[in-house]
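Protein chains in written order, with the numbering used here: chain A, 40 to 480; chain B, 40 to 480.
By construction, the Cβ of each residue, glycine as well, lies at the ideal position given by its N, Cα and C atoms.
See structure below.
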């Protein structure tokens with residue numbers, strides 16, 4: 040074997056561009072956040088689903104494809120099928136609803152947290168593989184359902200301890216109403232897409248593009264006066280009245296927004312919500328309320344949680360009309376933003392509450408103590424090789440483990456606080472548990 | 040839009056062969072099991088990692104590929120790279136260790152629970168997308184590390200409430216020793232692979248293949264007498280002594296097995312472990328202890344948790360020598376087995392503790408109650424459309440929700456036990472919480 044071994048070439052252990060490993064330092068907090076989000080969604084009666092990573096390309100892209108086409112990973116599988124990796128969780132959810140409608144009871148509230156893949160060029164905070172966290176209510180078209188999604192959003196960010204979060208709301212119907220009022224309703228889609236680029240390309244460029252599109256500086260200016268606030272502190276209801284006026288008066292859309300806002304006020308969470316008519320969401324399927332979420336501390340970071348109301352989720356796959364409202368947290372993007380803000384929830388926890396060090400001849404004694412401590416709800420990592428005690432302390436410290444336990448002759452233990460001065464001798468496993476639990480409070 | 044809509048063809052919402060959706064009825068228990076496994080692994084100081092779903096094909100398959108090649112999903116990405124979806128979690132872990140060795144402290148204990156993809160033909164309990172759950176200790180080559188993995192396995196199955204589980208242990212070194220003793224050590228790999236098929240093709244066919252391979256009925260018989268038990272109740276230590284004798288006497292391998300067994304006895308879990316020399320594991324990289332896990336109630340189902348010791352995990356990617364021991368639970372296969380056994384842990388939980396029904400004009404009152412109940416730790420699903428109360432009860436029952444809450448005039452509530460006879464009137468939200476929590480005990 041020796042000669043063969045030497046001849047063996049080493050394969051470089053490299054990763055694909057835009058893909059990352061998640062080491063414990065990032066995976067521990069990510070899992071903790073996901074667990075908390077799941078608990079929160081469950082507390083609202085949302086249930087989890089999953090769908091395959093791979094689907095028929097036709098199912099995910101529809102007949103066309105267009106721009107998304109270049110961004111997705113698709114290929115012919117061994118059976119010659121044209122297959123693609125999911126690029127979001129919304130399209131598979133639409134397909135899921137069409138396929139399983141008979142097995143589900145509407146309104147259906149679901150969440151889905153999992154990976155999606157896009158071939159887009161990687162940049163800061165954007166990768167080719169990332170986790171999305173979607174929650175939707177299907178089968179209810181009213182302000183109460185709209186409000187419930189907003190309420191879950193607010194509760195999620197509060198639970199994550201994210202301060203200075205603003206949910207920017209707008210309404211597609213109000214926007215269309217204004218365009219129709221201006222007599223340019225036929226350009227709805229192009230105008231929406233242009234305005235959607237506001238944060239990326241700036242107000243002047245949006246204006247230039249609108250003028251080019253509409254061939255009318257006056258109409259471009261009218262659109263801009265719709266999306267501009269009169270002043271940064273304009274209240275929700277003041278903005279709403281202004282938009283109503285620019286759209287020719289009250290409508291079902293403005294009434295819906297007013298009701299949603301009254302629910303937010305009742306719940307005592309309206310401070311986090313801003314009516315921001317510059318929010319349009321580029322995607323075609325939104326029909327009512329739309330929203331994006333920005334962090335005060337990172338104004339140029341872009342939205343970390345977006346969504347809206349769609350009146351026909353699964354129209355591509357079924358004639359059944361399925362209205363809904365939903366939201367998507369870009370979990371990896373959010374984590375990356377929170378890391379930039381040095382948020383406590385992105386800091387890795389320790390690998391265990393206590394490390395049991397290895398002293399020869401004491402394995403049974405240490406294993407017994409480990410079992411007792413685990414039964415008491417503590418996490419215990421046993422050091423498994425023979426090394427000097429100094430190296431063992433270093434191992435525990437590298438994993439941010441706070442306590443080290445050393446077996447003594449006679450079956451008792453020494454407990455030592457790592458990086459601290461405290462230590463305790465002649466302890467039983469029960470004593471150890473008592474001390475650690477007391478210190479943890 | 041109308042005419043266009045009608046002309047639109049509906050895309051059939053079909054899934055790829057071998058792929059499944061996970062509906063709440065399966066996703067809820069699956070998530071619960073994963074959360075419990077994660078808590079268990081953490082209690083032993085194992086930390087989570089993740090790796091990309093896509094990697095360079097060369098990195099995952101090495102230079103060769105062989106049989107696995109046909110079973111994996113691989114393709115050229117938009118940048119012309121030859122990429123593949125991971126087919127297990129062991130190969131990416133080896134690559135991960137080689138890449139991040141400087142960032143980690145050995146011994147490194149990690150777990151990884153995520154999806155893998157294989158193009159193999161789907162059959163009962165086997166799919167093209169499935170979840171694996173791996174846990175390994177790298178950087179420790181001794182009986183204590185071997186024992187720790189076995190201990191985590193036993194604790195995992197106990198935690199899941201799986202009864203009648205048997206861990207079948209063997210040792211590659213002992214097997215090789217026996218072959219060397221017989222003078223046929225050069226056929227080690229082929230013999231291991233043949234014996235590995237015992238459960239699939241049966242004893243007679245294994246014997247026939249061994250005779251063909253070795254051209255000696257006597258040697259084939261000698262191998263079979265090694266893997267056969269004298270009687271089904273042969274004890275661990277009796278078997279071990281027999282294997283020692285057949286291998287020409289005591290060795291480091293038999294001493295290792297004896298020590299591992301003494302640890303299992305000390306921990307009071309040895310009853311679940313059988314020394315079963317017919318276990319060989321087909322894979323090349325195992326070098327010491329190997330194991331498979333069978334359920335008494337489903338003897339023909341195959342192993343639901345397997346693994347072993349390898350002396351060089353990442354040899355393909357680094358010259359660093361990384362010994363380790365690890366185990367992999369086939370989570371989807373296990374779930375499927377447990378469903379067949381109607382195990383309680385595979386039953387879907389309810390979507391919420393209580394449903395708040397929709398009575399017009401009471402949204403604010405109901406939303407306030409929902410918030411109070413959620414703060415008390417209960418899960419609450421608010422019914423969001425206007426329907427007759429009967430339809431609302433059905434919706435709650437379809438989701439296995441036990442209680443329905445109806446707003447009364449004056450701000451109080453009626454609580455009704457669904458599918459039961461109990462009901463309570465004139466309750467505050469606090470009363471509701473008290474009643475539900477009391478009944479839940």
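Candidates the options: closest to residue i by CA position
i: residue 385 of chain A; options: A:61, A:48, A:49 and A:413; result: A:61
i: residue 334 of chain B; options: B:356, B:301, B:324 and B:379; result: B:379
i: residue 87 of chain A; options: A:149, A:410, A:142 and A:52; result: A:149
i: residue 254 of chain B; options: B:219, B:226 and B:109; result: B:226
i: residue 65 of chain A; options: A:270, A:223 and A:381; result: A:381
i: residue 422 of chain B; options: B:211, B:413 and B:432; result: B:432
i: residue 367 of chain B; options: B:456, B:80, B:200 and B:67; result: B:80
i: residue 470 of chain A; options: A:240, A:408 and A:419; result: A:408
i: residue 52 of chain A; options: B:132, B:179 and B:112; result: B:132
i: residue 350 of chain B; options: B:360, B:356 and B:343; result: B:360
i: residue 218 of chain B; options: B:258, B:195, B:180 and B:239; result: B:258
i: residue 263 of chain A; options: A:99, A:447, A:298 and A:237; result: A:237
i: residue 231 of chain B; options: B:287, B:339 and B:316; result: B:316
i: residue 128 of chain A; options: A:444, A:345 and A:294; result: A:345
Contact set between residue i and chain B, taken where Cβ atoms lie within less than 7 Å
i: residue 134 of chain A; result: 52
i: residue 66 of chain A; result: 87, 88 and 89
i: residue 320 of chain A; result: Simply none; closest approach about 19 Å.
i: residue 478 of chain A; result: Residues of chain B passing the Cβ test: none, with the nearest at roughly 18 Å.
i: residue 413 of chain A; result: 82
Residues that residue i contacts on chain A, provided the C-beta gap is smaller than 7 Å
i: residue 61 of chain B; result: 88 and 89
i: residue 434 of chain B; result: 144
Partner residues on chain B for residue i, Cβ-Cβ distance less than 8 Å
i: residue 419 of chain A; result: 82, 83 and 84
Integer Cβ distance of residue i from residue j, believed to fall under 8 Å
i: residue 341 of chain A; j: residue 176 of chain A; result: That pair is no contact at about 25 Å.
i: residue 437 of chain A; j: residue 387 of chain A; result: Wrong, their Cβ atoms sit about 11 Å apart, outside the cutoff.
i: residue 403 of chain B; j: residue 309 of chain A; result: In fact, because the Cβ distance is near 13 Å, the residues do not count as touching under 8 Å.
i: residue 252 of chain A; j: residue 233 of chain A; result: 7 Å
Under 9 Å from the C-beta of residue i: neighbouring residues of chain A
i: residue 112 of chain B; result: 93, 114, 116, 117 and 122
i: residue 355 of chain B; result: 47, 49, 50 and 52
i: residue 155 of chain B; result: Those within 9 Å of residue 155 of chain B in chain A number zero; the least Cβ separation is about 10 Å.
i: residue 358 of chain B; result: 49
Euclidean distance between Cα positions of residue i and residue j
i: residue 391 of chain B; j: residue 189 of chain A; result: 19 Å
i: residue 353 of chain A; j: residue 191 of chain A; result: 23 Å
i: residue 312 of chain A; j: residue 94 of chain A; result: 37 Å
i: residue 477 of chain A; j: residue 152 of chain B; result: 33 Å
i: residue 114 of chain A; j: residue 119 of chain B; result: 12 Å
i: residue 75 of chain A; j: residue 144 of chain A; result: 26 Å
i: residue 347 of chain B; j: residue 260 of chain B; result: 26 Å
i: residue 462 of chain A; j: residue 453 of chain A; result: 7 Å
i: residue 249 of chain A; j: residue 182 of chain A; result: 32 Å
i: residue 417 of chain A; j: residue 135 of chain A; result: 41 Å
i: residue 220 of chain B; j: residue 69 of chain B; result: 47 Å
i: residue 44 of chain B; j: residue 373 of chain A; result: Residue confidence for residue 44 of chain B is low, a pLDDT of 48 falling below 50, so the modelled location carries little weight; the figure read from the coordinates is stated next. Roughly 38 Å separates the two Cα atoms.
i: residue 307 of chain B; j: residue 325 of chain B; result: 27 Å
i: residue 479 of chain A; j: residue 472 of chain A; result: 11 Å
i: residue 41 of chain B; j: residue 180 of chain A; result: Low confidence applies here, because residue 41 of chain B scores a pLDDT of 40, under 50, leaving its location unreliable and the question unanswered by this model.
i: residue 242 of chain B; j: residue 171 of chain B; result: 30 Å
Residues bridged to residue i (per DSSP)
i: residue 434 of chain A; result: Answer by DSSP bridge pairing: none, since residue 434 of chain A is not bridged.
i: residue 124 of chain B; result: B:93
i: residue 207 of chain B; result: B:313 and B:331
i: residue 168 of chain A; result: A:156
i: residue 452 of chain A; result: A:446 and A:466
i: residue 113 of chain A; result: A:123
Under 8 Å from the C-beta of residue i: neighbouring residues of chain A
i: residue 109 of chain B; result: 117
i: residue 475 of chain B; result: Simply none; closest approach about 13 Å.
i: residue 176 of chain B; result: 423
i: residue 410 of chain B; result: 306
i: residue 200 of chain B; result: Within chain A, no residue comes near residue 200 of chain B; the closest Cβ sits about 17 Å away, beyond 8 Å.
Under 9 Å from the C-beta of residue i: neighbouring residues of chain B
i: residue 58 of chain A; result: 90, 91, 92, 93 and 94
i: residue 437 of chain A; result: 143 and 144
i: residue 7 of chain A; result: Beyond the ends of chain A as shown, which are 40 and 480, falls residue 7 of chain A; an answer cannot be given.
Legend entry - Members of the segment 445-456 of chain A that neighbour chain D once the beta carbon cut-off is set at 8 Å: Going by chain labels, chain D is absent from the structure shown, which instead holds the protein chains A and B.
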